[in-house]
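Each remark here refers to the structure printed beneath this line.
Protein chains in written order, with my numbering: chain A, 1 to 538; chain B, 1 to 295.
So this is what it looks like as structure tokens:
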């Protein structure tokens, strides 16, 4: 039996293998594994989202309403851990799995079995993490950053630490796979500077992942040994320093922030040209801007720690380095706008999410600039202002990009068009309620309401109630999304064309819809006019 | 099909990845349950951990066996070889960053936090209010912090066993390279000799390391509890020792595979991957020798 060219001679080449375990647990198929990632991510979005609903319910009115303070703290920590490691990151890996091989003309990921392992680690890791909520010691309740000495009091710290180790292993293997796929599996003629921006953004993100996930593993390992094996890394009495943890954590944490937004930049750079019917403005600048942001992400970590008591020189350095990031980010926002300028625009659901991303992410970027100023940050630090800031970049940023990507590529995945009316209902409800949810939190933060507290001064009551109402409605709106997804996958009568969108360019639109189980078993011939960004010579 | 060697290769379905996820979960679940147990409480953690570790070993054996069989059957083309190389390269880079976290901790503690505890620079308030009699120092004179965590201790002198271990590891890097050249020249006896020597040198290193640890615990009172000096000393050398252990096992497996005639002068990525890994642990050791033992 020959392994060259194609695999599984027994299987029908165009059909998926039969049998649930065979297909989903033993898969070496990037599309099936991508689907698993996306379904997992959606599940986690609702679990993490339900934690957020509990938080907003408790904060609906001042005073203790529904839960014990410790449970509230568990909810804030778990909401973040689940959303970051369970919803956003796996969603991007799932999109990368599905789309990168299709975009560069590869038959699959470079290391398909490792790809399967990367996915299957995740459900187990989250079983481990979520099980802590039911254990005698309780779950992690010191925030997702798990600062010592607070986090060392958690009875089930070991579970959380090992869950993070597993997630890290999964992310590192996923990243290695993506790098090997992009650098080694491209079809002949698909030069690096001809790749779609989404592929570029993932290549750079993968480098970030491999560089920083091990640092997180090291930091949480020190937590583990400090708690269970009597080391003194974070104990000043033994010569250690709790601030050391914060340095290592944020050396991971800041690049992590960009791990969650660079692929989103890539997605927006795919959607906007399609619906503006113009090649992206300044392709090379877009690629270099992503690389610049990635580089800068390594030298700005201490801006998360301005209030901890750093030497003045460090505060000034990290302040200026942080503000530098606005330059390449500004380039990207400018280029998206310039891509739309003079285009023949239509406003299907993916484009609506992309435009909302550009506006609302920029708001999140501006509030970030405000906090980059050391003296101002002393005021904003650990208030609801930072909560508003990172939810603008993560919800209306990363999550909106992911939802936009789902609408954009869903017809290619399922072969059916989604319902445009309900897609728009989903969009308008999302964009309105997300602002009702998070915009008042800016005011709460500026007025001094601290984050991660279950009770608050009555002065903050009105804005909290508005925010909670927005939160419940934003959460409920996402049920529409699930409805649209299910309808599109199983019930939609409207078949998608191969090209799907009139202005869509790139290799992924040259294959049939739905994408066959195996694609590009023989390298495709690259036609420059068909590429996402046309000729890149300027 | 056979002559389409330019076409892509996608491996067949395999249950090993799923098994790997299950045994990884079993291992860490057992470990977490064991660590989380109250003192004196006899939970099931240890048993689960043991099952997990045995499962991990079985999984590595099974997964690598299937990969080796596919490789011997000539299924892996040049492109797959490149993917494997990239995979190993970036895996080693991730290991570098893992050690980077611990080296970073060591540098931060020595350059900043210990001097601050002693009243230098900007951390003076801790010094003034909590431990005004603490003088910042490293090693035996204050490396265990103002509260003398773990009690008085002495450090391991750099120019004894650690120097010997440095020479052993450097020599082993040379012998593994000689074995590699012999492999490319097709001299089987020479490969087996020098690769075998590398394995022995690795094992000797580990023996001396264990000896050093016992001496540290019994005679020097240098333990994991000896303040942040003990923490950094044992975590850095311990993780390195763990990597040497893995590397030695990997080298031994490669030695057996050479014996079985798995490699030829053009196809021996398994050998090269392990050699890269061995050089990596060697370089980490040089960093340790410099920053943990000498300085």
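Glycine included, every Cβ here is placed at the ideal spot set by N, Cα and C.
With a threshold of 16 other CB atoms inside 10 Å of the CB of residue i, please say whether the residue is buried or exposed.
i: residue 135/B; result: exposed
i: residue 519/A; result: buried
i: residue 339/A; result: buried
i: residue 539/A; result: For residue 539/A there is no data in the structure shown, the boundaries of chain A being 1 and 538.
i: residue 538/A; result: Unreliable positioning characterises residue 538/A in this predicted model, as indicated by a pLDDT of 46, which lies under 50. The coordinate reading is nonetheless provided below. The residue is exposed, with fewer than 16 neighbouring Cβ atoms inside 10 Å.
i: residue 181/B; result: exposed
i: residue 157/B; result: exposed
i: residue 257/B; result: buried
i: residue 177/A; result: buried
i: residue 18/A; result: exposed
i: residue 33/B; result: buried
i: residue 496/A; result: buried
i: residue 39/B; result: exposed
i: residue 482/A; result: exposed
Using a Cβ-Cβ cutoff of less than 6 angstroms, which residues in the same chain neighbour residue i once the five nearest sequence positions on both sides are dropped?
i: residue 49/A; result: 475
i: residue 224/A; result: 161
i: residue 131/B; result: 146
i: residue 282/A; result: 335
i: residue 287/A; result: 200
i: residue 470/A; result: 433, 436 and 437
i: residue 92/A; result: 263
i: residue 266/A; result: 197, 198 and 201
Run the proximity test for residue i: is its beta-carbon closer than 7 angstroms to any non-hydrogen atom belonging to the ligand SAH?
i: residue 294/A; result: The ligand SAH is absent from the structure shown, which contains no ligand whatsoever.
Can the beta-carbon of residue i be found closer than 8 angstroms to that of residue j?
i: residue 209/B; j: residue 230/B; result: no
i: residue 197/A; j: residue 270/A; result: yes
i: residue 44/A; j: residue 87/A; result: yes
i: residue 232/B; j: residue 101/B; result: no
i: residue 57/B; j: residue 158/A; result: no
i: residue 554/A; j: residue 170/A; result: With chain A covering only 1 through 538, there is no way to say anything about residue 554/A.
i: residue 254/B; j: residue 274/B; result: yes
i: residue 98/A; j: residue 409/A; result: yes
i: residue 526/A; j: residue 189/A; result: yes
i: residue 325/A; j: residue 360/A; result: no
i: residue 265/B; j: residue 193/B; result: no
i: residue 514/A; j: residue 415/A; result: yes
i: residue 276/B; j: residue 169/B; result: no
i: residue 358/A; j: residue 329/A; result: no
Excluding five sequence neighbours on each side, which residues of the same chain lie with their C-beta closer than 8 angstroms to the C-beta of residue i?
i: residue 419/A; result: 484, 487, 488 and 492
i: residue 127/B; result: 116, 117, 118, 119 and 134
i: residue 55/B; result: 19, 22, 23, 26 and 27
i: residue 68/B; result: 257, 262 and 270
i: residue 220/B; result: 153, 154, 155 and 156
Leaving out the 5 sequence neighbours to the left and right, which residues in its chain are closer than 7 angstroms to residue i when beta-carbon positions are compared?
i: residue 218/A; result: 248
i: residue 427/A; result: 349, 352 and 353
i: residue 541/A; result: Given a span of 1 to 538 for chain A in the structure shown, any question on residue 541/A remains unanswerable.
i: residue 356/A; result: 396, 400 and 431
i: residue 212/B; result: 156 and 161
query = Using a Cβ cut-off of 9 angstroms, which residues of the stretch 4-24 of chain B contact any Cβ in chain A, in chain order?
reply = 4, 5, 6, 7, 8, 9, 10, 11, 12, 13, 14, 15, 16, 17, 18, 20, 21, 22 and 24
Under 9 angstroms (Cβ pairs) to chain A, residues found in the stretch 141-152 of chain B = 142, 143, 144, 145, 146, 147, 148, 149 and 150
query = Between the stretch 141-155 of chain B and the stretch 228-248 of chain A, are three or more C-beta pairs nearer than 8 angstroms?
reply = yes
message = Is it the case that the stretch 501-521 of chain A contacts the stretch 102-115 of chain A, given that we only count it when at least three CB pairs across the two stretches are under 8 angstroms?
response = yes
inquiry  = Counting beta carbon pairs with one atom in the stretch 248-259 of chain A and one in the stretch 300-314 of chain A, are three or more of them shorter than 8 angstroms?
reply    = yes
ask   = Which residues, in order along the stretch 120-147 of chain A, keep a beta-carbon less than 7 angstroms from a beta-carbon of chain B?
value = 120, 121, 124, 128 and 137
inquiry  = Does the contact criterion of 3 or more C-beta pairs under 8 angstroms hold for the stretch 200-217 of chain A versus the stretch 134-146 of chain A?
reply    = no
message = Any C-beta of chain A within less than 7 angstroms: which residues of the stretch 269-282 of chain B qualify?
response = none
query = Can we say the stretch 109-119 of chain A touches the stretch 164-184 of chain A, given the rule of at least three CB pairs closer than 8 angstroms?
reply = yes
query = Is it true that the stretch 113-124 of chain A meets the stretch 27-34 of chain A, where meeting means three or more beta-carbon pairs spaced less than 8 angstroms apart?
reply = yes
request  = Compile a chain-ordered list of the residues in the stretch 223-246 of chain B whose CB is closer than 9 angstroms to at least one CB of chain A.
outcome  = 223, 224, 225, 226, 227, 228, 229, 230, 231, 232, 234, 235 and 239
request  = Count the C-beta pairs between the stretch 78-86 of chain A and the stretch 44-61 of chain A that are closer than 8 angstroms, then say yes if the count reaches three, no if not.
outcome  = yes
inquiry  = Pairs of beta-carbons, one from the stretch 438-457 of chain A and one from the stretch 147-157 of chain A, closer than 8 angstroms: are there three or more?
reply    = no
request  = Check whether the stretch 378-398 of chain A touches the stretch 425-441 of chain A, counting contact only when three or more Cβ pairs, one atom from each stretch, lie closer than 8 angstroms.
outcome  = yes
task = Can you give me, in chain order, the residues of the stretch 96-113 of chain A that have a beta carbon less than 8 angstroms from any beta carbon in chain B?
result = 106, 107, 108, 110, 111, 112 and 113
request  = Anything in the stretch 239-250 of chain A with a Cβ closer than 8 angstroms to a Cβ of chain B? List those residues in chain order, please.
outcome  = 239, 240, 241, 243, 244, 247 and 248
message = Please list, in chain order, the residues of the stretch 110-125 of chain B that have any C-beta partner in chain A closer than 7 angstroms.
response = 113, 114, 117, 121 and 122
task = Please name the residues in the stretch 45-61 of chain B whose beta-carbon is closer than 7 angstroms to at least one beta-carbon of chain A, in chain order.
result = none
query = Three or more C-beta pairs closer than 8 angstroms, one from the stretch 168-180 of chain B and one from the stretch 194-203 of chain B: is that the case here?
reply = yes
ask   = What residues from the stretch 186-205 of chain B come within 8 angstroms of chain A, judged by C-beta to C-beta, listed N to C?
value = none
query = Can you list, in chain order, the residues of the stretch 91-104 of chain B whose Cβ is nearer than 9 angstroms to any Cβ on chain A?
reply = 91, 93, 94, 95, 96, 97, 98, 99, 100, 101, 102 and 104
Selection of the stretch 213-228 of chain A by Cβ proximity to chain B, strictly under 9 angstroms = 213, 214, 215, 216, 217, 218, 219, 221, 222, 224, 225, 226, 227 and 228
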